[in-house]
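Line by line, the protein sequences give chains U and Y.
Read left to right, the first sequence gives residues 495 to 764 (the numbering used here).
Read left to right, the second sequence gives residues 580 to 841 (the numbering used here).
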Amino acid sequence: MDIRRSSTIPRWVIVVAVVGAVFVLFPLVAMTTRVDWPNFLVLITSPSSVAALLLSLRTSLAATAACVVLGVPLALMLARTEFRGQRLVRALVLLPLVLPPVIGGIALLAAFGRRGLLGQTFDFFGVTIAFSTTAVVIAQTFVALPFLVLSLESSLRLAGTRYEAVAATLGARPTTVLRRITLPLIFPALLSGAVLSFARALGEFGATLTFAGSLQGVTRTLPLEIYLQRETDPDAAVALSLVLVLVAVLVVGLTLRTSTVPSLVRRGTS
Amino acid sequence: MKLRSLPSIAIAVAVIAGSSACSSTGPAVPSTRSTAALSGSITVFAAASLTGTFTVLATKFEAKHRGTTVELSFAGSADLVTQITNGAPADVFASADTKNMTKLTDANLVEGKPVNFATNVLEIAVPPGNPASIATFADLAKPGVRTVVCAPQVPCGSATIAVEQASGVSLAPVSEESAVTDVLGKVSSGEADAGLVYVTDIKAAGSKVTGITFPESSAAVNTYPIATLTGSANVALAKAFIDYVTGAIGQEEFAAAGFGKP
């Protein structure tokens, strides 16, 4: 293998790194040996599988859109303003990142559930969230939002405020600065953050199971379908798992392509 | 250079040693012991619905036979079957239905014949106060009533379908959960108006839910079998535990938890 290494990295680090990479990849490769290839297409095109895949894509896209709408202002506020308790707010916003999803589900129930704090309000407007596709999107947004905020905030800090300051001294109004300077500057980070959020939403399981329930075409997303199929049809579960892995590979590939930092920013930080 | 590569070798050795150690973890207890003096330990894989009763019974069994240890592992029956067929070190398996036990007997993983030791039937669970005024099984199909059931793939779900077919009432559930505990959770949190779970689940949930029995439940009686597994390294202790579970003290415990007689 031809690995160019800087003289500061000892050889054993590379050995352990290879072990680490194999550790991650090996189980996924091993899974492909369990796939019932002759029936693969039949397994992944069953009505319940297709319904689950379409629902997963639909809800994850909606959750990603919600993440962008809510996450961009949040990241801007965290990176570009200073206020008391800012560090605490940042820590709390990132909390879903480290919480077990089932706890997210319990928390969402307490807020938006039928007997939750806001449940009565929603009922009043004739909106019921429990057991609806909306509940799935809420659960996915809840767990995916930190990915977008984290990605954007670090990009904003890297980019610095010089260009924004210059634009402002030239008479640009804050919204113009945001539209013409800040957003284009962080656009690659916005893209990769959105792709990561999409991936996280796609994989959401625990919060959905706890908060939204599980009904074909309504709330049973692909991970829930896989978990259920495992009970009676392990072959279908493996086949669907592979589909999700392929989607994940695609997503990661996209992120790597979009996460190249613009040269403008790179120069600013060197 | 030599010094630098040492840690890498150490780690590689640790990784290899660790992986081989993992594959050989099993009860390292000699099996050649007479039944007169029971000793050593066994691992019991039991259906999640047996958590309460088996925990009590294992403690009582250990107290009766000093020097023995009964390790318990609870999960869904199908999950446990998967673990056992993949080589998990278990001595005894107690299933929540005969279907999952049959998977093991078909795979020649069971020593002798499984013994049925308890039965369970479905019951309607409603939140305290019964907000949707459920009284009968047919009420669950009323428009506007949010009913949650188990998915057909899991035992409580196939029992639900059997009851629907026998009663002629077809439900339109708002959710089909993959575990009975998830159904119970949706009811106790008030998200659902009613759910179909086992009698024993309602008893174990205490005041968090109210149970409503219904005659149609007799159409689907779940039978719980227990058996010694062929991989057992302590067959004597495994058999003694099964005798204890199927004996008078075991039956008393099951009756108290709401289980029926086999």
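Don't be surprised by glycine CBs; every beta carbon is placed ideally from N, CA and C.
Item	Value
Sequence-distant residues of its chain with Cβ nearer than 7 Å to T622 (chain Y) (five each side left out)	P606, E650, S652, P668, A669, D670
Coil, strand or helix - I503 (chain U) by DSSP	coil
Proximity test, Cβ basis, 7 Å: Q732 (chain Y) and chain U	yes
Minimum Cβ-Cβ distance from A836 (chain Y) to chain U less than 7 Å	no
Within the region 599-649 of chain U, ranges of the alpha helix (DSSP H) (whole runs, at least 4 residues)	613-618
is_contact[A600 (chain Y), chain U] using C-beta, thresh 7 Å	A caution first: A600 (chain Y) carries a pLDDT of 40, below 50, which makes its placement in the model unreliable, though a value can still be read off. Chain U contact via Cβ: absent.
Residue ranges of each beta strand (DSSP E) within the region 757-798 of chain Y, 3 or longer	773-777, 789-791
Cβ neighbour criterion (16 or more within 10 Å) applied to F577 (chain U)	exposed
Neighbourhood of A569 (chain U) by C-beta distance below 7 Å, restricted to the same chain and skipping five residues each side	V643, L646, E647, L650
Where R609 (chain U) meets chain Y, residues with beta-carbon distance less than 9 Å	P706, S768, G769, E770
Buried/exposed call for Q614 (chain U), threshold 16 Cβ in 10 Å	exposed
Unbroken beta strand (DSSP E) run spanning F624 (chain Y), endpoints	619-626
V737 (chain U) beta carbon less than 7 Å from that of I503 (chain U)	no
Nearest candidate by alpha-carbon position, reference G654 (chain U), set U:A601, U:R574, U:R609	U:R574
T713 (chain U): contacting residues in chain Y (beta-carbon distance under 7 Å)	S754
Whole-number beta carbon distance between A751 (chain Y) and A771 (chain Y), since they are thought to touch under 8 Å	13 Å between Cβ atoms; not a contact.
is_contact[M495 (chain U), chain Y] using C-beta, thresh 7 Å	Because M495 (chain U) carries a pLDDT of 49, less than 50, the predicted location of this residue cannot be relied on, and the following value inherits that uncertainty. So no, M495 (chain U) is outside the interface.
Residue-level contact to chain U via CB, A657 (chain Y), 7 Å cutoff	yes
L734 (chain U) versus R584 (chain U): straight-line alpha-carbon distance, rounded	36 Å
Best match in U:S686, U:A706, U:P728, U:V671 for proximity to L744 (chain U) [C-alpha to C-alpha]	U:S686
S540 (chain U), DSSP secondary structure in three states	coil
Nearest-angstrom beta carbon gap, K787 (chain Y) and S767 (chain Y) [assumed within contact, 8 Å]	4 Å
C-alpha gap between L664 (chain U) and Y657 (chain U), whole angstroms	11 Å
A784 (chain Y) vs V705 (chain Y) beta-carbon contact at 7 Å	no
Meets three-Cβ-pair contact criterion under 8 Å: the region 597-604 of chain U and the region 699-710 of chain U	yes
Sub-7 Å separation of R714 (chain U) and V637 (chain U) beta-carbons	no
Cut-off 6 Å between Cβ atoms - residues of its own chain near T630 (chain Y), not counting five sequence neighbours on either side	F653
Beta-carbon neighbours of A733 (chain U), restricted to chain Y and to distances below 9 Å	Near A733 (chain U) there are no residues of chain Y at all, since even the closest Cβ is about 16 Å away, more than 9 Å.
Three-state secondary structure (DSSP) of G514 (chain U)	helix
Listed by chain order, chain U residues near K765 (chain Y) by CB distance under 7 Å	G707
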